[in-house]
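Below is one structure, written out as structure tokens, with a few remarks after it.
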Amino acid sequence: MNDTRRDARPLDFRVAVDDLERFMLAVLRRAGADEASADAVTRALVTASRMGTDSHGLRLLPHYLQALEGGRIRGAPRMRFTRHLPATGYLDAGDGFGHLAGFTAMEQAATMAAEVGVGAVAVGNSSHFGAAGCYALAAAERGLIGLAVCNSDPFVLLHQGRAPFHGTNPIAFAAPVAGQSPYLLDMATSAIPWNRVRQYDAIGRVLPDQVAADAEGRVTRAPAEVAALLPLGGSDFGFKGAGLAGMVEVLSSTLSGMLNGFRLLPMGGPDLATPRGVGHFFLALNPAAFVERSTFEACLGDYLADLRAQPAGSGAEVLAPGDREWRCQARRDAEGIPLDSANQTAYAALAEAAGIAPLRRLG
């Protein structure tokens with residue numbers, strides 16, 4: 000039996016990391032992104048897909064190209080960074096790619112943290128930046144603790160609310176671990192990500208309880224009925240997720256002088272010409288500004304060893320934040336990054352339109 004779907008796309012289509020990077024860079028440059036923007040978008044999308052977060056990885060490339068073509072995103076933005084105090088600054092992203100803004104802002108925060116122990120940067124006039132964990136990770140790779148947050152357009156109910164108000168408003172936190180991959184937490188403040196609803200709908204599976212609601216604000220497990228997500232904690236304890244989402248809102252939109260998420264243009268259009276004015280916030284901490292580096296490394300190492308040694312349920316395993324992602328990254332680096340049939344079709348169309356070599360299937 001031939002291993003193909005009805006559209007003749009292979010079921011197992013995997014590509015090498017370097018080939019995916021080659022493809023993304025070429026397509027973005029052909030579409031008008033400057034070198035810095037193309038590098039940043041590629042870095043963020045490939046990082047997310049290597050760690051298994053394809054919803055914020057390779058799947059987003061076609062949307063970003065549409066936003067670039069429509070004029071919402073500037074491919075060669077004039078970003079301006081202003082350092083206000085020894086540990087604070089503001090980055091005007093110039094309506095460019097949020098990925099370039101994110102890496103640039105964290106670089107500035109890291110520079111200040113290296114000098115004075117702490118660096119915090121608010122970002123305005125930006126756009127969707129993909130997976131927040133990419134920017135917290137950028138700090139950890141420099142031996143710093145990193146925090147990244149961002150607001151987004153409304154998908155999530157307030158606690159006991161009936162209509163979407165907050166976005167999924169992610170929180171990402173990373174810390175360097177001596178001799179190991181960084182500790183990495185990257186989470187939405189909603190009960191589940193929106194992509195999970197779409198995934199369950201596609202495979203005809205009911206949702207878990209207390210994660211989503213219909214147009215009347217009633218909890219539903221049917222993906223086709225979902226009009227909004229519940230905040231982390233569900234209908235009984237959603238004040239926790241809603242409160243965290245509000246904290247992200249204050250840090251990302253208020254400190255940057257941008258619109259709160261409820262007033263943002265939707266990411267999915269139909270207006271792909273008007274810049275959205277998304278806000279971000281980035282924080283870098285230098286552990287050596289608080290305790291000796293060796294003390295920090297030993298304490299964090301002991302904490303993680305104790306955590307992973309805790310008893311687990313039958314057939315389960317206790318993992319630290321990031322463990323699952325690093326395992327996925329190792330596997331995908333060795334075996335390739337998978338593309339489902341929809342992404343195979345989308346990437347083949349992008350290659351033809353841009354006149355570049357298509358992705359090469361491994362194996």
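Heads up: the sequence shown begins at 0 in numbering that gives the first Met the number 0, then just goes up one per residue. Just so it is clear, CB atoms sit at the ideal spot from N, CA and C, and this is done for glycine as well. Treat the numbers as computed from the prediction; the structure is a model and nothing was measured.
Residues in the same chain with beta-carbon distance under 7 Å from residue 334, minus the five sequence neighbours each way, listed in chain order, please. Here the set comprises 13.
Start and end residues, beta strand (DSSP E) containing residue 277: 277-284 is the extent of the beta strand (DSSP E) around residue 277.
What is the residue span of the beta strand (DSSP E) that residue 82 lies within? That run of the beta strand (DSSP E) goes 79-84.
Touching or not, the segment 152-171 and the segment 295-315, by the rule of three or more beta carbon pairs under 8 Å? They do not touch, by the three-pair rule.
Short of 8 Å in beta carbon distance, which residues of its chain neighbour residue 259, apart from the five on each side in sequence? Order them along the chain. Hits under 8 Å: 150, 248, 252, 253.
C-beta contact flag for residue 86 and residue 117 at 8 Å: Yes. Within cutoff.
Looking only at its own chain, which residues have a Cβ that is under 6 Å from the Cβ of residue 50, when we skip the five neighbours before and after it? 324, 327, 328.
Residue 185 - containing beta strand (DSSP E), residue span: Its beta strand (DSSP E) spans residues 182-186.
What does the alpha-carbon distance come out to for the pair residue 152 and residue 181? Rounded to the nearest whole angstrom, the C-alpha separation of residue 152 and residue 181 is 30 Å.
Sort out for me which residues DSSP pairs residue 145 with in a bridge. Beta-bridge pairing links residue 145 to 173, 283.
Please list, in chain order, all residues of the same chain as residue 20 whose beta carbon is under 8 Å from its beta carbon, the five residues on each side excluded. Counting only Cβ-Cβ distances below 8 Å, and skipping sequence neighbours, we find 41, 45.
Looking at C-beta atoms only, is the number of pairs between the segment 338-356 and the segment 19-38 that lie closer than 8 Å three or more? The segment 338-356, when compared against the segment 19-38, does touch it at the 8 Å Cβ threshold.
Strictly by DSSP, which residues pair up with residue 191? According to DSSP, which records beta bridges pairwise, residue 191 is partnered with nothing at all.
Please determine if the segment 108-122 and the segment 52-63 are in contact, where contact requires at least 3 C-beta pairs separated by less than 8 Å. Touching, no, given that fewer than three Cβ pairs across the two stretches are closer than 8 Å.
Whole-angstrom C-beta distance between residue 134 and residue 102, which should lie under 8 Å: Between residue 134 and residue 102 the Cβ distance is about 7 Å, and since that is below 8 Å, they are a contact.
DSSP three-state call for residue 10: helix, strand or coil? When secondary structure is reduced to three states using DSSP, residue 10 falls in the coil class, being assigned neither helix nor strand.
How many Å lie between residue 349 and residue 313 at the Cα? Spanning the two alpha carbons is a distance of roughly 46 Å.
Residues of its chain near residue 172, where Cβ-Cβ distance is below 6 Å and the 5 sequence neighbours each way are ignored: Excluding positions up to five away in sequence, the list reads 135, 146, 184.
Taking DSSP as the reference, what is the three-state secondary structure of residue 342? When DSSP states are grouped into helix, strand and coil, residue 342 belongs to the helix group.
Using a Cβ-Cβ cut-off of 6 Å (strictly less than) and excluding sequence neighbours within five positions of residue 256, which residues of its own chain qualify? Within the same chain, residue 256 has close Cβ partners 123.
In angstroms, rounded to a whole number, what distance separates the CA positions of residue 351 and residue 80? Going from the Cα of residue 351 to the Cα of residue 80 covers about 38 Å.
What first and last residue would you give for the beta strand (DSSP E) that runs through residue 205? Neither: residue 205 is in no beta strand (DSSP E) and is coded neither H nor E.
If I'm right that residue 190 touches residue 99 with Cβ under 8 Å, what's the distance once you round it to whole angstroms? Actually they are not in contact, since the Cβ atoms of residue 190 and residue 99 sit about 31 Å apart, beyond 8 Å.
Using a threshold of 8 Å, state whether the C-beta atoms of residue 178 and residue 43 are closer than that. Against a cut-off of 8 Å, the Cβ pair of residue 43 and residue 178 comes out as no contact.
Measuring only the C-alpha atoms, how far is residue 272 from residue 266? In a straight line, the C-alpha of residue 272 is about 11 Å away from that of residue 266.
Cβ-Cβ distance between residue 290 and residue 227 below 8 Å: When the beta-carbon positions are compared, residue 290 and residue 227 stay at least 8 Å from each other.
Please go through the same chain and pick out, in chain order, the residues whose beta-carbon is closer than 6 Å to the beta-carbon of residue 69, but skip the five residues on each side of it. Leaving aside the five residues that flank residue 69 on each side, the residues in its chain whose CB is nearer than 6 Å to its CB run, in chain order, 271, 272.
Identify the continuous beta strand (DSSP E) that holds residue 117 and give its terminal residues. 117-125 is the extent of the beta strand (DSSP E) around residue 117.
So for residue 164, helix, strand or coil by DSSP? In the structure shown, residue 164 sits in a strand (DSSP, three-state: E or B).
Please list the terminal residues of the continuous beta strand (DSSP E) segment that includes residue 91. That run of the beta strand (DSSP E) goes 87-91.
Relative to the C-alpha of residue 193, which residue among 175, 223, 16, 217 is closest? When the alpha-carbon of residue 193 is set against those of 175, 223, 16, 217, the nearest one is in 223.
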